[in-house]
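The next block holds one structure in the form of structure tokens; read it before the comments.
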Amino acid sequence: MNFSKGLQKIVDILHAERIPYMIVGGFAMSYYNRFRFTADIDCVVQLYATQIEKIVRHFPDWMPFLEHFQESARQGTLFNLTDFETGIKYDFMLLNGAGKWIFWVSGVTSRLLKT
Numbered sequence: 032m033n034f035s036k037g038l039q040k041i042v043d044i045l046h047a048e049r050i051p052y053m054i055v056g057g058f059a060m061s062y063y064n065r066f067r068f069t070a071d072i073d074c075v076v077q078l079y080a081t082q083i084e085k086i087v088r089h090f091p092d093w094m095p096f097l098e099h100f101q102e103s104a105r106q107g108t109l110f111n112l113t114d115f116e117t118g119i120k121y122d123f124m125l126l127n128g129a130g131k132w133i134f135w136v137s138g139v140t141s142r143l144l145k146t
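Numbering-wise, our numbering puts 50 at position 19 of the sequence shown, and it's gapless, one number per residue.
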């Protein structure tokens, strides 16, 4: 697994598709010197279920599962896929229609204004 290459790839995709995002979870914690084992990259993306194709089309092997990913998102659960090129698994959590993102960090509510 190549986390650096995997992170660069997903950031490039999200920027190209103009999708607001946050990298969260164990991988993001390492940025703040809070090291924790992780085997994936967790992303919160500001999308509706109908827009998931903007991400999935960059991973053609997963296109047959697009409807399943969309249904998972409609039900409020995450969808995930593995990039076979880098070996990285991505977990995507959708946040839609909000002017700001609210999430929990170490038990403290943080707010990020959309830019």
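Don't be surprised by glycine CBs; every beta carbon is placed ideally from N, CA and C.
Whole-number beta carbon distance between residue j and residue i, since they are thought to touch under 8 Å
i	j	result
I44	V76	In fact, because the Cβ distance is near 10 Å, the residues do not count as touching under 8 Å.
Residue i versus residue j: straight-line alpha-carbon distance, rounded
i	j	result
F9	L109	Outside the shown range of the chain (32 to 146) lies residue 9, about which nothing can therefore be said.
N33	G118	7 Å
V42	L125	16 Å
N111	Y121	5 Å
D71	Q39	14 Å
Residue range of the beta strand (DSSP E) that includes residue i
i	result
F96	No beta strand (DSSP E) holds F96; DSSP gives it neither H nor E.
For residue i, three-class secondary structure by DSSP
i	result
S137	With a pLDDT of only 42 at S137, under the threshold of 50, the placement of this residue in the model should not be trusted, and no figure is reported.
T117	coil
I50	coil
I72	strand
F100	helix
F90	coil
L125	strand
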